[in-house]
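Please read the structure below before turning to the comments.
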Amino acid sequence: MQSLEGRLTIRHLRLVDAIAQEGNLVRAAQRLNMTQSAVTKALQEVEVLIGVALFKRTNRGTVPTSYGENLASHARIVISQLRHAGRDLADLRDGLGGRVAIGTLLSATVSLLPLAITKVLEARPNIKVKIVEGTNDTLMPLLRIGELDFVIGRLPEYRERTGILQEILTDDNAQVVVREGHPLIGRASLSLRELVQWSWIMPREETTLRRQLDEAFRREGVEPPRCSVESVSILANRALLLATDYLAVWPAELAVAEERYGIVSLPIALPTTHRPIGISTRAQAGLSPAAEALVQTLRAVAKSRCG
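If you count the sequence shown from 1, position 178 lands on 178 in full-length UniProt numbering, and the numbers rise without skipping.
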């Protein structure tokens, strides 16, 4: 297959992206403000250029082939990068200082990120910061297509790292937490085996922390407890803990920060939950000046905290 550089245009990439996302030529045409016949003709043009079929029609709509999926993935990245480039240029023109879109996990929202953002905005008050909270399974796809500049938090496992660069800043482990006055507080000794019968608030099954917690129980020779609630929302989890006798597992630093609200950590070691905290970026893309400034500040904050 010949190089596509200089042959495929942005119009082609927008077309492929629209068809892949809509799964229907009519909706893709509406999205692109084109007629269906024009979309069909343009798609044929792209397929002739590339020499392979990008989509096939089925009773479920217009479905991308493996070639179509691959090209659509690249198209989304290019389109996203162009959109961000336009914003950066406009910001520079208007003296706004740039924008940064950050994905964050619970482990980074307590002190590292807030402190770094505060320091950056003191030095560069015109930077605009967008924070998207989630888990690695939701944030990494956004990072890959350029919707996020970087992700900070527990570093993802190997299977989630394709095309991603990682930088370790510090580390963390998780703790079992309950409300003040919980029946388990004050017990001379506790083991995970004793906690199986209690109701739990846990991270979602697809998260690294949940897999680590399940492994901790299995090492104790018991199956993981029944999960009453799956949630990574700090506000919702705190409210549930304070209103019930539920147990939850939180990053240690978050647990300490939440003590002021009546959250207490139980004296149970969870060695399987130890995990480095760091920054994830796209392997093939550089950071904007604003994002680079924030990353450098995060490094400095982490270094000062670690002594």
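Where a beta carbon is used, it is the ideal one built from N, C-alpha and C, also for glycine.
Name the DSSP beta bridge partners of residue i, please?
i	result
residue 131	102
residue 166	280
residue 251	174
residue 217	Paired residue(s): none; residue 217 is not in a bridge.
residue 230	202
residue 265	177
residue 146	BP columns for residue 146 are empty, so no partner.
residue 152	104 and 279
Leaving out five residues before and five after residue i in sequence, what residues of the same chain have Cβ atoms less than 8 Å from its Cβ?
i	result
residue 42	11, 12, 15 and 34
residue 81	146 and 285
residue 311	Given a span of 1 to 307 for the chain in the structure shown, any question on residue 311 remains unanswerable.
List the whole-angstrom C-beta distance separating residue i from residue j, where the pair is believed to meet the contact cut-off of C-beta under 8 Å.
i	j	result
residue 153	residue 277	6 Å
residue 19	residue 65	In fact, because the Cβ distance is near 12 Å, the residues do not count as touching under 8 Å.
residue 248	residue 200	7 Å
residue 148	residue 132	6 Å
residue 266	residue 209	Contact doesn't hold; Cβ gap of about 17 Å is too wide.
residue 225	residue 196	5 Å
residue 217	residue 192	5 Å
residue 112	residue 301	6 Å
residue 119	residue 297	5 Å
residue 187	residue 272	Going by Cβ atoms, the distance from residue 187 to residue 272 rounds to 22 Å, so no, they are not a contact pair.
Count the other CB atoms, across all protein chains shown, that sit within 10 Å of the CB of residue i; report buried if there are 16 or more and exposed otherwise.
i	result
residue 274	exposed
residue 235	exposed
residue 203	buried
residue 163	exposed
residue 205	exposed
residue 135	buried
residue 68	buried
residue 26	exposed
residue 89	exposed
residue 70	exposed
residue 238	buried
residue 28	buried
residue 51	exposed
residue 83	exposed
residue 207	buried
residue 44	exposed
Excluding sequence positions up to five away, which residues of its chain have a Cβ less than 7 Å from the Cβ of residue i?
i	result
residue 295	150, 279 and 287
residue 252	172, 173, 174 and 175
residue 56	63 and 65
residue 255	175, 177, 263 and 265
residue 289	98
residue 21	none
Who are the near neighbours of residue i in its chain, counting only those whose CB is closer than 6 Å to its CB and skipping five residues on each side?
i	result
residue 257	110
residue 95	Because the pLDDT at residue 95 is just 46, under 50, the model does not fix this residue reliably, and the point stays unresolved.
residue 75	13, 16 and 17
Query raised in the report: What residue ranges within the segment 20-79 form continuous alpha helix (DSSP H) runs of no fewer than 4 residues, ordered along the chain?
Result: 25-32 and 36-50, all fully within the segment 20-79.
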